[in-house]
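S.K.: Numbering (the numbering used here), first residue to last: 109 to 333. Just so you know, even glycine gets a beta-carbon here, dropped at the ideal spot from N, CA and C. Just so we're clear, the structure is a prediction, and the values are computed from it rather than from any experiment.
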Amino acid sequence: MVRYDNYLSSRFHVCAGVRQGGVLSPVLFSVFYELPVIKLMKAGLGAHLGLVYVGCLLYADDIMLISHAVEVMQRMLDICSEESACWDFVLNSRKSVVLRIGSRFERACAPLNLCGAPLAYVDKVKYLGVIIVACRYFKCSFEQHVKSKFYCVLNTLLNRARDASELFSVQLFEFFCVPVISYALEAVSPNKSSIYMLDNLINRAVFRIFTCSSMSDIWFIRSMQ
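1. How many Å lie between residue 268 and residue 138 at the Cα?
2. Taking all protein chains shown into account, decide if residue 189 is buried (16 or more other Cβ within 10 angstroms of its Cβ) or exposed.
3. For the alpha helix (DSSP H) that contains residue 307, what are its first and last residues?
4. So the candidates are 215, 131, 262 and 204; which of them puts its Cα closest to the Cα of residue 234?
5. State the beta-bridge partners of residue 222 as determined by DSSP.
6. Does DSSP put residue 111 in a helix, a strand or coil?
7. Tell me whether residue 253 sits in a helix, a strand or coil according to DSSP, three-state version.
8. Which residues does DSSP list as the beta-bridge partners of residue 147?
9. What did DSSP end up calling residue 173 once you bin it into helix, strand or coil?
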C-alpha cells in the first residue's frame, strides 16, 4: 500500500472565492454554480441542441446564457440572480453584456436587467478568445484581434531569431504563430474573407522569413511544408 500523506498540503481557510490561477479553481466553480444550471434546465429555459442543453455554458468563471427570446432571457437572469444571492455570490452586471443574433438583431429591444442593473447591448463580444458578432446568423470575427496578435508574436519571434537559420525560424513560426491563427477554427466556420486573411498572414510570414521576391516563390516554399 502506498501512502500519499506527504503530498497533501496543510489545511487552509478560503475566505472569498477560489484561488486565482489554481488548477482546481475552474472545476470547483462549476461544482459551486451547478444548482442554478439545474434550475434553468428544470424550468425548460434556454437553448437546446437536440437533446443537449446549451442554455447555460460555463468555463471557469465565465457564464454564457443562450435563449431564443428576450422574455425567456430575463427569466434566466432572474434565476441566476436569485440563486447567486442565496449563496452570497455577486454577479458583475458591469462586465455582463447582451448580444443579439437573428433576423431582428438591429431592431430596438426591451432592456434586460441583472441584479437590478440594466445590461448593455453590444455589437460584438469576446468569449474564450473568440469574438462573436451581432448578425443575422452566427458569425465570428478573426480580422482584427487575430491579425494584431499574430504580427505581435511574429515580430517578436523574428527579432529574437534574426541570426538564426530559416529552418529554425520556420519551426518557431509553427510552434508560436500557427496556434494564434488556428485557434478555435475547429469549433467555428470562418467565412471566405476570414480564410483569405488567415492565408495571407502565412504568406506574409513566409515572405519575411525567406525574403521572397514573388508570390510564386512563396507558393513553392509553402508547398514544401
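M.R.: If we stick to the structure as given:
1. Cα to Cα, residue 268 sits roughly 41 Å from residue 138.
2. Counting other Cβ atoms within 10 Å of its Cβ, residue 189 reaches 16 or more and is therefore classed as buried.
3. The continuous alpha helix (DSSP H) containing residue 307 extends over residues 300-318.
4. For residue 234, the closest of 215, 131, 262 and 204 by C-alpha to C-alpha distance is 204.
5. Its beta-bridge partners are 225.
6. Any reading at residue 111 is ruled out, since the residue's pLDDT is 49, under 50, leaving its predicted position unreliable.
7. Residue 253: helix per DSSP, three-state reduction.
8. Answer is none; residue 147 lacks a bridge partner.
9. In the structure shown, residue 173 sits in a strand (DSSP, three-state: E or B).
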